[in-house]
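So the structure is just underneath, and the comments pick up after that.
2 protein chains.
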Amino acid sequence: MSALGFLPATVRKSSTTRELDAGEILFHQGDRALWIYEVEHGRLRLVRYTVDGHPVPLHTARAGELFAEAALFAGTYRCDAVASVPSRVRVYPKRELLAAFRRDSTVAERFMAILAGQIHALRARVQERNIRSASARVLHHLALNTGKDGRTARLDGSLVDLAAEIGLTHEALYRTLGRLEKSGAIERNGSEIMLKKSPGL
Amino acid sequence: MSALGFLPATVRKSSTTRELDAGEILFHQGDRALWIYEVEHGRLRLVRYTVDGHPVPLHTARAGELFAEAALFAGTYRCDAVASVPSRVRVYPKRELLAAFRRDSTVAERFMAILAGQIHALRARVQERNIRSASARVLHHLALNTGKDGRTARLDGSLVDLAAEIGLTHEALYRTLGRLEKSGAIERNGSEIMLKKSPGL
DNA sequence: CGGCGTTTTGAGAGAGCTCAACATCGGTGG
DNA sequence: CCACCGATGTTGAGCTCTCTCAAAACGCCG
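Chain order of the listed sequences is F and Y.
For the first sequence, the numbering used here assigns the number 1 to the initial residue and increments by one for each residue that follows.
For the second sequence, the numbering used here assigns the number 1001 to the initial residue and increments by one for each residue that follows.
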C-alpha cells in the first residue's frame, strides 16, 4: 500500500503513524529534521515564511505522497507542515532509512528510483501548467495519464479534484470536457475518458 | 561547475560530451537507456509520442540541468530528447554511476540529495503556476529566490528569461514589475530586486 | 552607422474566472 | 420513510486580466 513498501522489515517496523486534526502542525521550519513522511490520508500544506512573516506556499502533499524527503540530507526542516484537513501520516525515522541505504545499496537504488519518478511527474506537471488553453491542457493531461492502451484515461477522484490537479476551475473543466466530447475529441463513459483523435497539442 | 561535481574521479573521467545541432536528436523513446545527461549549454526538449503519433511535450531541459535520471532505473528511454538550439550535453554512463553508488554509499546519498532538491524546486514551481495573478506570482517567485538577507533577489538572466521561467509573457512581467515598484512593494536596482513589504501572497 | 536583443508602453480581444442558480445523489437523523 | 444537507455535476452571464499584436526607445557590438 505504501510507496515505500520495498523497505526492509526492520525499517518498516521502525515507522509509526500520526493523526493530525485540521490545522494541526506536523513540524516547524527550523525544527531538527529527524523524520520523513508519507501521507496516508488527508492533505498537508508545506509553507515557508519570509523574513517578515508572510507565508509562501510551497506545496500541498496529498494522499500517497512522500514529503520532506529533503530532510534526509538537511539538518532542519525548511518549511512548516500543516494539515489542511484531518490527516494521517506515516513517519519514517531518517536514521533508520539512511542506515538501510548504507546497508543495502539496492534499497538506496529503489528509493532513488522513486525520487526520479517524482521528478518526471513534476516536470510534466510544470509543462502542463505552461499550456494556457483549457482544452489543450486537458488533452495533455489525459494523454499523459492513459492506461495500457495509450488511449483511455481513468478518473480516480471527482472532477473537482481533477480540476484542482490541472489548475482549472471545476466550471471550466466541465465546459471543456463538454466541448471536447461534442467535437469528438474524447468520449466519456462514466469514470473513463477515451481519446479519439488527439488534435495538435 | 557540474551539478555532479562530487562524483569520484573514476566516474567523472568516464563521462564524455556531445555537441548537438538545433533539431538534432539525442535519444529516441524506446532506445536502450545507457546514459544520463547534463545540459552544459543550450536547451533540449523532452517529448513523448502518443499512440497516434502526436507529440506531448514533457519538459525542457536547460543549461546546468540533469535529465533522463529516470533512465538509471529503467531499461529504455520513455521519451525523445531533441535539441531546440545548438547544445552540448555531458554524458554519464549509467553503469559507472550505479557502480559508484554501490561502491560508496555517500556518493549515492549525494545523488539522492540532488534529486530531493530538484523535487523541492519543482514542487515550488508547480505551486507558483497555480497562482493566477501576475503580481502575486512574481512576488511568490521573488520571495523564494531571495539571497541570504531574505529580502533581495538577484536576476541572473534577462527579464525575458525570467518571464519564461515563471510562465508570463515578457510584456506582462514588465508591466507587473512596474506596477509593483510604483506601489512600493518592491524596489529595483539594476539586476537586484528588493522586497519591501510583501502583501498577502 | 546599422542591426539585434532587451526594455517599455499602448490598444484590443479572448479565455477563463467569478458569482449565481439549479439538478442530482447519497447519507443522516428525526 | 421522508426531510434535510453537503458534495458533485452542470449551465449561464458578465468581468477582469493576461495575451496578442504593434510600435518605439535603448544599449551593445560588429
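Glycine residues also receive a C-beta, built at the ideal position from the N, C-alpha and C atoms.
The structure displayed is predicted, hence computed values, not measured ones.
Rounded to whole angstroms, what's the CA-CA distance from leucine 142 of chain F to arginine 188 of chain F? Just pull it up for me.
12 Å
At least one CB of chain F closer than 8 Å to the CB of leucine 1115 of chain Y: is that the case?
yes
Would you kindly check if the distance between the Cβ of proline 1093 of chain Y and the Cβ of serine 1014 of chain Y is under 8 Å?
yes
Between leucine 195 of chain F and proline 1055 of chain Y, what straight-line distance do the alpha-carbon atoms span, to the nearest angstrom?
14 Å
If contacts are defined as beta-carbon pairs under 8 Å, then valine 1039 of chain Y and alanine 1061 of chain Y qualify, I think. What distance do you get, rounded to the angstrom?
5 Å
Given a cut-off of 8 Å, decide if glycine 117 of chain F and alanine 1070 of chain Y are closer than it, judged by their beta-carbon atoms.
yes
Residues from the region 82–110 of chain F in contact with chain Y, defined by Cβ distance under 9 Å:
Leu98, Phe101, Arg102, Arg103, Ser105, Thr106, Ala108, Glu109 and Arg110
Just to confirm, are phenylalanine 1101 of chain Y and serine 105 of chain F a CB contact at a threshold of 8 Å?
yes
For arginine 43 of chain F versus valine 85 of chain F, is the C-beta distance shorter than 8 Å?
yes
Listed by chain order, chain Y residues near asparagine 145 of chain F by CB distance under 8 Å
Per Cβ cutoff of 8 Å: no residues; asparagine 145 of chain F is ~11 Å from chain Y at best.
From leucine 1004 of chain Y to valine 1011 of chain Y, what does the alpha carbon distance come to, in whole angstroms?
10 Å
Could you give the DSSP three-state label for glutamate 128 of chain F: helix, strand or coil?
helix
May I have the straight-line CA-CA distance separating glycine 1200 of chain Y from tyrosine 1077 of chain Y, to the nearest angstrom?
Model confidence at glycine 1200 of chain Y stands at a pLDDT of 41, short of 50, so the residue's coordinates are unreliable; what they give is reported in the following sentence. For glycine 1200 of chain Y and tyrosine 1077 of chain Y, the distance between alpha carbons rounds to 43 Å.
Neighbour flag for isoleucine 1193 of chain Y against chain F, beta carbons, 8 Å:
no
Rank Y/Glu1065, Y/Ala1108 and Y/Glu1181 by C-alpha distance to the C-alpha of serine 1135 of chain Y and give the top, closest one.
Y/Glu1181
For the candidate residues F/Val82, F/Glu171 and F/Val138, whose alpha-carbon lies nearest to that of alanine 153 of chain F?
F/Val138
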